[in-house]
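Single-structure report; data block below.
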Amino acid sequence: MTTAETTPEVTPETSATRRYPDTYYVATAKGLTAPQPLDGSTSCDVCIVGGGYTGVATALHLAERGYKTVVLESQRIGWGASGRNGGQFCSGQRVEPAAMTRLMGAERARMLWDLAEESKAIVRERIARHAIDCNLRPGLISAAFKAAHLQEILDYATGLRDDYGYAHIRPVSREEMREMLGSDLYHGGCIDTDAGHLHPLNYVLGLAAAAREAGARICEETPATALTRQGGRHLVRTPQGEVTADILVLACNGYLGKIEPRIAGTIMPINNFIIATEPLGAARARSIISNDAAVADSKHVLDYYRLSVDGRLLFGGGESYRAAYPRDIAGLVRRCMLRVFPQLADVKIDHAWGGTLAITMNRLPAYGRLGEDTYYAQGFSGQGVALTSLAGKVIAEAIAGDSARFDLLASVPTPAFPGGTLLRWPSLVAGMAYHALLDRL
């Protein structure tokens, strides 16, 4: 169900919105409910730690299979990256097929591509089945920031069409790119018409509502403070209670923290930032992006942007590897926006926010088990809108006894960051500083 024709209504401050950050997505959220924290002890088949896309999707699939499922979310559903991201709905596994073939071999690389295609189908099916009002719209442009980047983008598009029969992607010349985007910055690129963009918070809120309806219990404002064992079962302690479960799923991503050190070293939390302009008006909005597609450029520290249904430009840019956000997020991202669209210098910024995501060394999601009864999926590296819905499905399959697809995803190498959690930050900062310099040269 797409809802591009609707204009979002601003959600007033209520008990349902408190503790969410001040973002455009929260201001236009639909389906927010007052939190119901865990109070006391409960027992279930599966306890899921994390109430973002991965955790909620897993809960939904498990509840539909009849598993008694409890989700523990330290803040609110979609409070982290799931409710703050750029909303881009991408094809593939974050790494181009040629690189995936070198890593996994041709057969398994094709299987991983097919799984990524299924992930898009899962998102569309869930939106339609549960009538999730999240403004799903088609089109994702990859724009070459430098002339030297263009051939790589064209080779990617050609490879998808020739090797995988993917007919939804085509090259875009520099001249056509100027017609699509109100910027002279880009050297061409490609457009994927089967990818697209959506309202990320409303999508996860819709999944949560469906999970509750299917029987899952979702406990917000309930952080997991300790993971222990009791009588051969998992015991998850919280400030006001505890959950005993046969199976544990860790779906914390960039907010894993120290709760499970054994998997912390394979991901690196980083911060990214987005602004929402004031409404531009229909004519001006279409002069910026004529076909209403989402856009991502080819820089290492990329810019990504799209139009909202009420005609704002939602623009993401800049990264930070420190825990604290910059003092002036709006100023930081506005500078990125004006490099692309200098004609927007007079436009007011209505919202500015940051969020934490998790990346892996090779930018591929990290799946795995700890023992026989703890599952995890993390490190979606900025491409989690679709892939996390797939994660929920394959985790549920594995718990139900069919682990073939989970095992395929878990077989993708996920090297730890050099130096583990202690030294991963300075090494990444040095690497990203180098790549940011390359962007400027």
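1311 is the number of the first residue of the sequence shown in my numbering; add one for each residue after it. Each residue gets a CB set at the ideal place from its N, CA and C atoms; glycine is no exception.
Original post:
Are Ile-1705 and Val-1559 touching if we call contact CB-CB under 8 Å?
Top reply: Their beta carbons are under 8 Å apart, which means Ile-1705 touches Val-1559 by this criterion.
Subject >> Local Cβ density within 10 Å of Glu-1383, reported as buried at 16 or more and exposed below that >> reply: So Glu-1383 counts as buried.
Original post:
Does any residue of chain D bring its CB to less than 8 Å from the CB of Ala-1536?
Top reply: Absent from the structure is chain D; it holds one protein chain and no more.
Original post:
Leu-1697 to Asp-1355, Cα distance in whole Å?
Top reply: Computed Cα separation, rounded: 24 Å.
Original post:
From Arg-1644 to Ile-1580, what does the alpha carbon distance come to, in whole angstroms?
Top reply: Spanning the alpha carbons of Arg-1644 and Ile-1580 requires a straight line of approximately 20 Å.
Subject >> Through-space distance from Gly-1664 to Asp-1556, alpha-carbon basis >> reply: Cα to Cα, Asp-1556 sits roughly 36 Å from Gly-1664.
**OP:** Please report the Cβ distance between Pro-1723 and Leu-1413, rounded to the nearest whole angstrom; I am assuming they are in contact, meaning their Cβ atoms lie under 8 Å.
**Re:** Rounded, the Cβ-Cβ distance is 7 Å, consistent with contact.
**OP:** State the beta-bridge partners of Ile-1599 as determined by DSSP.
**Re:** By DSSP's assignment, Ile-1599 forms a beta bridge with Leu-1491.
**OP:** Alpha carbon to alpha carbon, how far is Leu-1348 from Ile-1358? Give it in angstroms, no decimals.
**Re:** Ile-1358 and Leu-1348 have their alpha carbons spaced roughly 13 Å apart.
Original post:
Helix, strand or coil for Pro-1481 per DSSP?
Top reply: The three-state secondary structure of Pro-1481, taken from DSSP, is strand.
Original post:
To which residues does DSSP link Cys-1500 through a beta bridge?
Top reply: Paired residue(s): Ser-1452 and Pro-1481.
Subject >> Straight-line Cα distance separating Gln-1693 from Arg-1404 >> reply: Rounded to the nearest angstrom, the two C-alpha atoms are 6 Å apart.
Original post:
How about Thr-1397 and Val-1695: do their beta carbons lie closer than 8 Å?
Top reply: Sequence inspection shows Gly at residue 1397; the Thr mentioned does not correspond to that position. Cβ distance < 8 Å, so Gly-1397 and Val-1695 count as in contact.
Subject >> Closest Cα partner of Gly-1711 within the set Asp-1683, Ser-1493 and Lys-1658 >> reply: Selected option, being the one with the closest Cα: Asp-1683.
**OP:** Classify Arg-1572 as buried or exposed, calling it buried when 16 or more other Cβ atoms lie within 10 Å of its own Cβ.
**Re:** Exposed is the call here.
**OP:** List the whole-angstrom C-beta distance separating Ile-1585 from Ile-1659, where the pair is believed to meet the contact cut-off of C-beta under 8 Å.
**Re:** At roughly 5 Å, the Cβ-Cβ gap stays under 8 Å, so Ile-1585 and Ile-1659 are in contact.
Original post:
Leu-1450 to Gln-1540, Cα distance in whole Å?
Top reply: CA-to-CA, the gap between Leu-1450 and Gln-1540 works out to about 49 Å.
**OP:** Indicate the three-state DSSP secondary structure (helix, strand or coil) for Gly-1393 in the structure shown.
**Re:** Gly-1393: helix per DSSP, three-state reduction.
Original post:
Ends of the alpha helix (DSSP H) at Tyr-1474?
Top reply: First-last of the alpha helix (DSSP H) with Tyr-1474: 1457–1474.
Original post:
Are at least three pairs of beta-carbons, each pair with one atom in the segment 1368–1385 and one in the segment 1517–1530, less than 8 Å apart?
Top reply: With three or more CB-CB distances shorter than 8 Å, the segment 1368–1385 counts as touching the segment 1517–1530.
Original post:
Among the residues of its own chain, which have a CB less than 7 Å from the CB of Ala-1561, if the five just before and after it don't count?
Top reply: Taking C-beta separations shorter than 7 Å and ignoring five residues to either side along the sequence, the partners of Ala-1561 in its chain run Ile-1358, Val-1359, Gly-1360, Gly-1362, Thr-1364, Gly-1365, Thr-1368 and Ala-1687, following chain order.
**OP:** Below 6 Å CB to CB, which residues in the same chain sit around Leu-1460 once its five sequence neighbours on both sides are set aside?
**Re:** Leaving aside the five residues that flank Leu-1460 on each side, the residues in its chain whose CB is nearer than 6 Å to its CB run, in chain order, Ala-1454, His-1497 and Gly-1498.
Subject >> 8 Å CB neighbourhood of Tyr-1474 in its chain, flanking five on each side removed >> reply: Taken in chain order, the residues that qualify are Pro-1407, Arg-1420 and Trp-1423.
**OP:** Spell out the partners DSSP gives Met-1578 in its beta bridges.
**Re:** Bridge partners of Met-1578: Ile-1669.
**OP:** Throw me the rounded Cβ distance for the Leu-1624 and Ile-1599 pair, which I believe falls under 8 Å.
**Re:** Leu-1624 to Ile-1599, Cβ: 11 Å. No contact.
Original post:
Excluding the five sequence neighbours on either side, which residues of its own chain have a C-beta within less than 8 Å of the C-beta of Gly-1350, listed in chain order?
Top reply: Cβ neighbours of Gly-1350 beyond the five flanking positions: Gln-1550 and Gly-1551.
Original post:
Is DSSP giving Thr-1338 helix, strand or coil here?
Top reply: Thr-1338: coil per DSSP, three-state reduction.
Original post:
Taking the alpha-carbon positions, what's the Ile-1501 to Arg-1480 distance?
Top reply: Ile-1501 and Arg-1480: Cα-Cα distance of roughly 6 Å.
**OP:** Select from Pro-1331, Leu-1537, Thr-1338 and Tyr-1476 the residue whose C-alpha is nearest the C-alpha of Leu-1680.
**Re:** Looking at the Cα atoms, Leu-1537 is the closest of the given residues.
Original post:
In three-state terms, what does DSSP make of Ala-1604?
Top reply: Note: Ala-1604 maps to strand in three-state DSSP.
Original post:
Helix, strand or coil for Phe-1716 per DSSP?
Top reply: It is helical.
Subject >> Option nearest Glu-1374 by Cα separation, candidates Leu-1719, Met-1490, Glu-1707 and Arg-1484 >> reply: The option with the nearest alpha carbon to Glu-1374 is Glu-1707.
**OP:** Look up Glu-1629 in the DSSP assignment and give the residues it is bridged to.
**Re:** As a beta-bridge residue in DSSP terms, Glu-1629 pairs with Asn-1582.
**OP:** Pair every Cβ in the segment 1476–1494 with every Cβ in the segment 1331–1338, then say whether three or more of these pairs are closer than 8 Å.
**Re:** The answer is no - the segment 1331–1338 does not touch the segment 1476–1494, with fewer than three Cβ pairs under 8 Å.
Original post:
Taking the DSSP output, what are the residues bridged to Leu-1382?
Top reply: Paired residue(s): Val-1359 and Cys-1529.
**OP:** Alpha carbon to alpha carbon, how far is Leu-1642 from Cys-1444? Give it in angstroms, no decimals.
**Re:** Rounded to the nearest angstrom, the two C-alpha atoms are 28 Å apart.
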